[in-house]
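Contents: one structure, followed by commentary.
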Amino acid sequence: MSKMILITNDFLPDMTTNARLLSDVVTEFSKNCGDVEIFCSKPRKEIVENNFSSKNFFSINIKRFWSPNLKKSQVIGRLINSFFVCVGIFITLVFFRRKTLILVDTTSPFQGPITWISSKIRKHKYIYLATEFYPDAAIALGFLKKNSIVNYLWEYSNQRVYSSASYVIVIGERLRNNVARYFEDGINHSNLVVIHNWADTEKINPIKPKENYFRKDLGLTEKIVILYSGNLGLSHDLSTLIKAADNLRKDERIIFLIIGEGPQKIIIESEIKKLNLSNIILMPYQSEDVLPYSLSSGDLSVVTLNQSMDKLTVPSKLYPAMAAGQAIIALFSEETDISDIVKENNAGIVIEQGDYENFAREISRLSNNKVLLNTMKDNSRKTVKEKYSKKLCVGRYIELLESVMIENN
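Here the sequence shown stands for residues 10 to 418, numbered as in my numbering.
In structure tokens, the structure reads:
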């Protein structure tokens with residue numbers, strides 16, 4: 010078992026944060042442990058048209074499975090696409106692979122069940138990376154009722170998927186509570202492991218405004234930039250950000266820079282037009298070579314989830330923002346992993362979702378207190394280097410993968 014298969018919904022050249030993180034893991038495994046195959050969906054059409062390679066990644070074979078390619082901005086479209094992809098993966102795992110080590114994540118609700126079933130048939134061993142929690146997230150977003158038959162079946166499936174995994178990885182200390190019900194010994198289950206997401210602290214560094222071409226080209230070197238970079242998804246509390254921008258429209262020092270794609274993009278565009286907000290700049294995802302500059306283009310970086318979702322995951326955008334030396338504005342509830350990290354390390358501020366007036370006040374306060382702002386920036390960078398670096402966190406993945414290989418050889 011010196012070969013590993015990674016099963017995930019999206020992979021490079023799709024520029025999702027999850028894809029970039031997993032690319033670090035498979036690259037390290039390929040260098041030091043064995044061969045890697047990646048099973049995932051096809052990249053977006055515009056990526057293919059821009060001549061990005063979609064079949065190989067540093068000599069790692071990528072097997073991309075067919076789907077109807079419906080709009081990913083719509084929930085039903087994403088589910089249908091994912092279902093067809095997982096059917097293809099399941100057939101491959103059952104008929105063309107045997108006794109393989111699998112790292113599978115929760116970016117699709119179908120990936121766990123098809124991995125569990127195929128492992129029973131073909132004796133695969135798998136590590137389950139729980140970055141999102143279903144059916145919890147579907148219930149929180151209002152797509153599923155707790156007392157429904159679908160929820161019951163989902164929980165039944167989860168019980169088997171989680172308990173049969175060689176290891177279950179969660180990305181935050183408090184997130185163990187979300188899977189405790191699937192183990193007899195709860196959060197003390199020996200194969201339940203916490204590995205935080207990370208940032209490449211060698212690639213992403215603080216860059217002074219006047220030395221950052223991305224920020225200079227936008228004319229923002231003399232501004233206080235509030236950056237949101239990442240998925241504009243339904244689970245993110247972006248309305249508070251928009252309302253805070255409206256509240257601060259008269260302060261010409263402050264600019265909101267939003268970089269990303271997702272279902273809420275059209276809503277944000279509409280709000281910018283309706284409110285005539287000239288202090289918001291909206292941009293698409295940036296290419297890999299631009300990321301070190303775009304991620305360091307803010308003074309404060311916003312990390313947020315809706316209150317119904319913020320105990321169900323830890324947004325991976327936190328760590329690159331910290332690596333870039335930005336103070337963090339966490340639009341989060343108390344008693345969440347994000348709040349713990351920000352407060353314990355004095356790396357920014359935590360504000361309750363929806364409290365746009367306090368959000369605006371805190372931005373004004375930090376804009377007027379450069380000493381405090383710079384202290385928070387320094388603490389962000391220091392914290393991610395000491396606790397959440399690529400070398401440290403990827404190393405823990407490799408240790409787990411190697412341990413499963415040793416146990417089964």
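Glycine residues also receive a C-beta, built at the ideal position from the N, C-alpha and C atoms.
{"query": "Span separating the alpha-carbon of residue 61 from that of residue 15", "result": "With a pLDDT of only 46 at residue 61, under the threshold of 50, the placement of this residue in the model should not be trusted; the figure read from the coordinates follows. Cα to Cα, the separation comes out at about 20 Å."}
{"query": "Range of the contiguous beta strand (DSSP E) that encloses residue 380", "result": "Looking at the DSSP string, residue 380 is not in any beta strand (DSSP E); the run it does join, the alpha helix (DSSP H), is 379-396."}
{"query": "Collapsed DSSP secondary structure at residue 13 in the structure displayed", "result": "strand"}
{"query": "Limits of the beta strand (DSSP E) - the one that residue 357 falls within", "result": "357-360"}
{"query": "Spatial distance of residue 338 from residue 310 (CA atoms)", "result": "6 Å"}
{"query": "Under the three-state DSSP convention, the category residue 318 falls into", "result": "coil"}
{"query": "Residue 229 versus residue 264 - alpha carbon distance", "result": "8 Å"}
{"query": "Collapsed DSSP secondary structure at residue 201 in the structure displayed", "result": "strand"}
{"query": "Limits of the alpha helix (DSSP H) - the one that residue 50 falls within", "result": "Per DSSP, residue 50 belongs to no alpha helix (DSSP H); it is in the beta strand (DSSP E), 44-50."}
{"query": "8 Å CB neighbourhood of residue 203 in its chain, flanking five on each side removed", "result": "178, 179, 180, 181, 182, 184 and 185"}
{"query": "Three-state secondary structure assigned by DSSP to residue 162", "result": "helix"}
{"query": "Per-residue DSSP class, three states only, for residue 9", "result": "It is not possible to answer for residue 9, since the shown part of the chain is limited to 10 through 418."}
{"query": "Paired residues, beta bridge with residue 72 - DSSP", "result": "48"}
{"query": "Under 7 Å between C-beta atoms of residue 413 and residue 328", "result": "no"}
{"query": "Nearest-angstrom beta carbon gap, residue 113 and residue 9 [assumed within contact, 8 Å]", "result": "Since the first residue of the chain shown is 10 and the last is 418, residue 9 is not available in this structure."}
{"query": "CA-to-CA distance, residue 345 to residue 234, given in whole angstroms", "result": "26 Å"}
{"query": "Segment limits, alpha helix (DSSP H) that includes residue 410", "result": "399-416"}
{"query": "Pair within 7 Å by beta-carbon distance, residue 132 and residue 108", "result": "yes"}
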